[in-house]
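Heads up: the sequence shown begins at 1 in the UniProt record's numbering, then just goes up one per residue.
Below you'll find the structure, written out as structure tokens, and then a few comments.
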Amino acid sequence: MVINLSVDKDKWSSTLSDLLKTQVQHDLHLICADGTVNAHRIILAQHSKFLRDVIQDRSMLTYENGLEVAKVILVGVERAIAFQLINLFYRGEVFLNSLEEYNGFLALFQALQMRHVDLLDVSSIAVDDVLEIVCSDDESFEDSENFASENIQHEKDPLSTDEARTPSRVNYLTNVPKPVGTWCPPRGPENTYSCFCKRTFGKFSRYKDHLYRTHYKRQIEATFPQIGLSCRECGKEFLKEHQVRRHFFVCHDHVLKFVPKQWDPVPSIVKQPITNINNGF
Numbered sequence: 001m002v003i004n005l006s007v008d009k010d011k012w013s014s015t016l017s018d019l020l021k022t023q024v025q026h027d028l029h030l031i032c033a034d035g036t037v038n039a040h041r042i043i044l045a046q047h048s049k050f051l052r053d054v055i056q057d058r059s060m061l062t063y064e065n066g067l068e069v070a071k072v073i074l075v076g077v078e079r080a081i082a083f084q085l086i087n088l089f090y091r092g093e094v095f096l097n098s099l100e101e102y103n104g105f106l107a108l109f110q111a112l113q114m115r116h117v118d119l120l121d122v123s124s125i126a127v128d129d130v131l132e133i134v135c136s137d138d139e140s141f142e143d144s145e146n147f148a149s150e151n152i153q154h155e156k157d158p159l160s161t162d163e164a165r166t167p168s169r170v171n172y173l174t175n176v177p178k179p180v181g182t183w184c185p186p187r188g189p190e191n192t193y194s195c196f197c198k199r200t201f202g203k204f205s206r207y208k209d210h211l212y213r214t215h216y217k218r219q220i221e222a223t224f225p226q227i228g229l230s231c232r233e234c235g236k237e238f239l240k241e242h243q244v245r246r247h248f249f250v251c252h253d254h255v256l257k258f259v260p261k262q263w264d265p266v267p268s269i270v271k272q273p274i275t276n277i278n279n280g281f
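Shown next as structure tokens:
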């Protein structure tokens with residue numbers, strides 16, 4: 001007799017997402033140009049050949065509060081892009097809002113030698129469309145339990161641990177490909193839109209999208225817990241409610257008047273400067 005037991009995929013994804021938010025046993029620090037993203041080695045090792053090599057090399061690990069920690073410095077990579085990449089493997093999906101953001105995501109994806117992800121063909125997707133990237137079901141999470149005991153020899157490349165090793169035991173990922181279509185500085189003050197977090201944008205739509213994703217997403221979700229699958233202003237239909245909330249906030253100008261100024265930014269997304277990055281190495 002065979003008894004098949006399974007876990008609901010939505011609840012499993014929610015459990016992993018909560019694990020990332022609670023910051024319990026974080027033993028992987030991705031140090032970006034404007035902040036640090038914390039995660040778990042056992043979850044990311046099965047998806048990244050580079051991180052897997054780093055974790056298997058015991059000389060690359062440090063200790064913090066009795067916990068083995070791996071630290072990787074991503075030179076020239078924004079925290080928001082790294083957070084999206086990490087979030088993909090905890091939630092199983094991520095939504096990118098422009099081709100520029102997709103290019104930055106793809107550059108980091110290739111540099112870390114990620115796998116088990118289906119990257120969409122965006123050649124026919126408009127710039128204003130939302131790009132969805134999902135984890136592939138071809139590979140299961142079972143091999144993550146055995147990654148530390150496996151002795152896998154990968155081909156050496158510029159990102160291998162032999163060349164990334166430094167006296168401070170921090171891995172510097174310096175040869176990240178430059179994204180195609182990188183956003184350029186605004187031509188002048190009259191063409192910029194500044195956020196209170198000191199970021200500037202050349203397009204009003206990108207500025208509003210930044211406000212939603214970075215500062216007001218949680219408050220909007222709390223205000224509109226059930227908003228339906230179609231926009232009440234233009235009637236455009238979506239597959240998920242969070243897509244409707246983002247569209248409603250970004251595409252309809254009057255929604256900005258709804259946002260109370262006393263709302264605080266979301267702490268986990270707001271960029272913070274790095275101070276004393278080498279402490280404890």
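Glycine is no exception: its CB is placed at the ideal position from the N, C-alpha and C atoms.
Bear in mind the structure is a predicted one, so any value in this text is a computation, not a measurement.
Is the Cβ-Cβ distance between residue i and residue j less than 8 Å?
| i | j | result |
| --- | --- | --- |
| Val244 | Gly228 | yes |
| Arg246 | Tyr216 | no |
| Ala39 | Val77 | no |
| Ala82 | Leu88 | no |
Please look up how many angstroms separate the CB atoms of residue i and residue j, rounded, as I've assumed it's under 8 Å.
| i | j | result |
| --- | --- | --- |
| Leu85 | Phe109 | 7 Å |
| Arg79 | Val37 | 6 Å |
| Val72 | Ile43 | Their Cβ separation, rounded to whole angstroms, is 15 Å, which puts Val72 and Ile43 out of contact at 8 Å. |
Whole angstroms are fine: how far does the CA of residue j sit from the CA of residue i?
| i | j | result |
| --- | --- | --- |
| Ser59 | Gly35 | 25 Å |
| Val127 | His29 | Only weak support is given to the placement of Val127: the predicted model assigns it a pLDDT of 39, under 50, and the value that follows is read from those uncertain coordinates. Cα to Cα, Val127 sits roughly 32 Å from His29. |
| Ser136 | His210 | Because the pLDDT of Ser136 is 42, which lies under 50, any placement of that residue in the model is unreliable, and the number read from its coordinates should be weighed accordingly. Roughly 28 Å between the two C-alpha positions. |
| Ile152 | Phe248 | Any reading at Ile152 must be qualified, since the residue scores a pLDDT of 35, below 50, and its modelled position is unreliable; no value is offered. |
| Ser230 | Arg218 | 20 Å |
| Glu221 | Glu241 | 9 Å |
| Phe105 | Cys197 | 22 Å |
| residue 300 | Asn103 | Residue 300 is absent from the structure shown; the chain starts at 1 and stops at 281. |
| Cys195 | Arg41 | 34 Å |
| Gln25 | Lys236 | 42 Å |
| Phe95 | Glu101 | 10 Å |
| Asp27 | Thr214 | 25 Å |
| Ser205 | Asn97 | 11 Å |
| Lys203 | Pro225 | 29 Å |
Which first and last residues belong to the alpha helix (DSSP H) in which residue i is found?
| i | result |
| --- | --- |
| Leu99 | 99-111 |
| Leu88 | 79-91 |
| His247 | 241-251 |
| Lys208 | 204-210 |
| Lys49 | 49-56 |
| Arg199 | It is not in any alpha helix (DSSP H) - Arg199 carries neither H nor E in the DSSP assignment. |
| Arg41 | 41-44 |
Tell me which same chain residues have a C-beta within less than 6 Å of the C-beta of residue i, skipping the five on either side of it?
| i | result |
| --- | --- |
| Leu61 | Glu68, Ala70 |
| Leu112 | Ser48, Phe50 |
| Arg199 | none |
For residue i, report the span of its beta strand (DSSP E) as first-last.
| i | result |
| --- | --- |
| Lys71 | 67-74 |
| Glu64 | 62-64 |
| Ile31 | 28-32 |
| Gly235 | Where Gly235 is concerned, there is no enclosing beta strand (DSSP E), given that its DSSP letter is neither H nor E. |
Ignore the nearest five residues each way along the sequence and tell me which others in residue i's own chain have a CB closer than 8 Å to its CB.
| i | result |
| --- | --- |
| Leu239 | Leu229 |
| Tyr63 | Val69 |
Less than 7 Å between C-beta atoms, sequence neighbours within five positions excluded: which residues of the same chain meet that for residue i?
| i | result |
| --- | --- |
| Met114 | His47, Ser48 |
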